[in-house]
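Q: The structure's right below; bear with me while I get my questions together.
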Amino acid sequence: MAYEISSKARKIVPYEPVTGRVKVRLDANESFLPMHPDIKRDVISQIRKVALHRYPDPKAEKCCKAFASHYGVDPALVTAGNGSDELIGLILGGFFAKGERILITEPDFSMYEFYANLAELEVVRFQKKGDFKIETAELIAFAQQEKVRGLIFSNPCNPTSQGIRKLPMRMIVSGLPDTLVILDEAYMDFWNQSMINEVAEYDNLILLRTMSKAMGSAGIRLGFAVSNKKLTKVLRGLKAPYNVSSLTQAAALGVFKHPEISKDAVLEIMAGRGFLSGALMKLEMEWKGSPFAFRMIPESRTNFVTICFEDEDKHKEIFEALKKKGILIRCFPAFLRITVGSSEENAKFLDELRALHR
Ligand SMILES: *Cc1c(COP(=O)(O)O)cnc(C)c1O
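Structure (structure tokens):
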């Protein structure tokens, strides 16, 4: 007899980001802006005060308060996590029982399925159409018909860049009263259709935010869940007591001290997106009818743009060719996703993409 690894563990497909040195990194939707020196100074001064021989504050109270006042929500409704990734895992593992049905829209953030598998949930998929927009009534009807216990999706969506407005979002949450809706607003700092000030009105809504994208702090590893008191109590009970390190908590205080810098950063990233999508739109016209014909998904609400070439092979070909040139983007079977970079990075990406066509 020998120890045998469970079939569940064997089935797990690891999420393996490309690591190592790359000249131009446009693959992970991080902010291209290095931390502002004023923020860095405050981060360091906060970290200096940390008593590292003690456990961190289990409630991450100061940092939840800073988050809450930044977004104008009640701190009693906020739970901090080691990245929103941890919170996704805790929610799917803790709020649902093995075999319960969870609805995932496709395409969407791949970690939802990862954690759903880990929790041994039954995944039900709602396939988005060609323009990647979600028809609200269709989604609601599908969720009801499939009798799902949960729905998890990102808005605006990674990887499609598309957004659902508040009005239809309210219809989704109130139209599925028996379903726990996990609404991942990782990119909502780039748009203005957040439900964050409405969570207390719903019995069945958990909203997620992260410091990793617009807030330019992916290395800190900090995410937040916002939900009504009852759900918050359960979620706080699910997490490990010391899930957010003292260093992370301290660093976040430094970041939240400078809302005006974060706001400017968002504007700068959105200006970069304007440049990148404008240039891609032009290429889309120029390359019509050629083997490089593609279409850009218009109206990105995020810090990335998504483009669709003819097929999976073409996406791989372009991805690999750019990688050889030191430019990393994200390759999916049905499209390519390009994170907005600095002006130089965006220009470099466009130059190398144009060079492939020649
Ligand atoms: C990047 C991303 C996250 C991960 O956030 P972390 O806080 O860094 O774990 C969650 N959801 C979506 C949709 C993302 O794109």
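In this text, residue positions in the sequence shown follow my numbering: the first is 2, and each later residue adds one. Just so you know, even glycine gets a beta-carbon here, dropped at the ideal spot from N, CA and C. Fair warning: this is a prediction, and the values are worked out from it, not measured in the lab.
#1: Quick check on the DSSP output: the alpha helix (DSSP H) that includes S247 runs from which residue to which?
#2: Would P108 be called buried (16 or more neighbouring beta carbons within 10 Å of its own) or exposed?
#3: What is the chain-ordered set of residues for which the beta carbon lies under 5 Å from any non-hydrogen atom of ligand 2?
#4: Closest by CA to N30, which one among M216, D75, L184 and F295?
#5: For I45, is the classification buried or exposed, using 16 other Cβ atoms within 10 angstroms of its Cβ as the cut-off for buried?
#6: Three or more C-beta pairs closer than 8 Å, one from the region 19 to 38 and one from the region 266 to 273: is that the case here?
#7: For I89 and G290, what's the separation of their Cα atoms in angstroms?
#8: With a threshold of 7 Å on Cβ separation, who are the neighbours of D58 within its own chain once the five nearest residues in sequence on each side are excluded?
#9: Classify S301 as helix, strand or coil using the three-state DSSP reduction.
#10: What whole-angstrom Cβ distance do E87 and N244 have, given they're in contact under 8 Å?
#11: So, using beta-carbon positions, are L184 and G95 closer together than 9 Å?
#12: Quick one: any contact between the region 98 to 108 and the region 72 to 83, if contact means 3 or more CB pairs under 8 Å?
#13: List the whole-angstrom C-beta distance separating L329 from V14, where the pair is believed to meet the contact cut-off of C-beta under 8 Å.
#14: Which residue comes first and which comes last in the alpha helix (DSSP H) that contains I141?
#15: Do the region 63 to 73 and the region 287 to 302 make contact, defined as three or more Cβ pairs closer than 8 Å?
#16: Tell me the start and end of each unbroken beta strand (DSSP E) in the region 26 to 64 that is at least 3 residues and wholly inside, in chain order.
A: To lay it out plainly:
#1: Your numbering for residue 247 matches position 246 in the sequence shown. DSSP places S247 in the uninterrupted alpha helix (DSSP H) bounded by S247 to F257.
#2: Reading the sequence shown from its first residue, position 107 is the one you call residue 108. So P108 ends up on the buried side.
#3: Inclusion of ligand 2 in the displayed structure is not the case, the ligand content consisting of ligand 1 alone.
#4: The residue you call residue 30 lines up with position 29 of the sequence shown. By alpha-carbon distance to N30, the top candidate from M216, D75, L184 and F295 is M216.
#5: Taking the first residue of the sequence shown as 1, we reach residue 45 at position 44. With a 10 Å radius around the Cβ and a threshold of 16 neighbouring Cβ atoms, I45 comes out exposed.
#6: For the pair of segments examined, the region 19 to 38 was found to touch the region 266 to 273: the number of CB pairs separated by less than 8 Å reaches three.
#7: Along the sequence shown, read from residue 1 onward, the residue named residue 89 stands at position 88. Along the sequence shown, read from residue 1 onward, the residue named residue 290 stands at position 289. For I89 and G290, the distance between alpha carbons rounds to 42 Å.
#8: On the sequence shown, residue 58 is found 57 positions in, with the first residue counted as 1. Excluding positions up to five away in sequence, the list reads Q250.
#9: Residue mapping note: residue 301 aligns to position 300 of the sequence shown, counting from 1. For S301, the three-state secondary structure derived from DSSP is coil.
#10: Numbered from 1 along the sequence shown, position 86 holds the residue referred to as residue 87. Numbered from 1 along the sequence shown, position 243 holds the residue referred to as residue 244. With 8 Å as the limit, E87 and N244 qualify as a contact, their Cβ atoms being about 6 Å apart.
#11: Position 183 of the sequence shown, counted from the first residue, corresponds to residue 184. Position 94 of the sequence shown, counted from the first residue, corresponds to residue 95. For the 9 Å CB-CB criterion, L184 and G95 do not form a contact.
#12: By the criterion of at least three beta-carbon pairs nearer than 8 Å, the region 98 to 108 is not in contact with the region 72 to 83.
#13: On the sequence shown, residue 329 is found 328 positions in, with the first residue counted as 1. On the sequence shown, residue 14 is found 13 positions in, with the first residue counted as 1. Wrong, their Cβ atoms sit about 21 Å apart, outside the cutoff.
#14: By 1-based counting over the sequence shown, the position of residue 141 is 140. Unbroken alpha helix (DSSP H) run through I141: T137 to Q146.
#15: Between the region 63 to 73 and the region 287 to 302, the count of C-beta pairs closer than 8 Å stays below three; the two stretches do not touch.
#16: The region 26 to 64 contains no whole beta strand (DSSP E) run of 3 or more residues.
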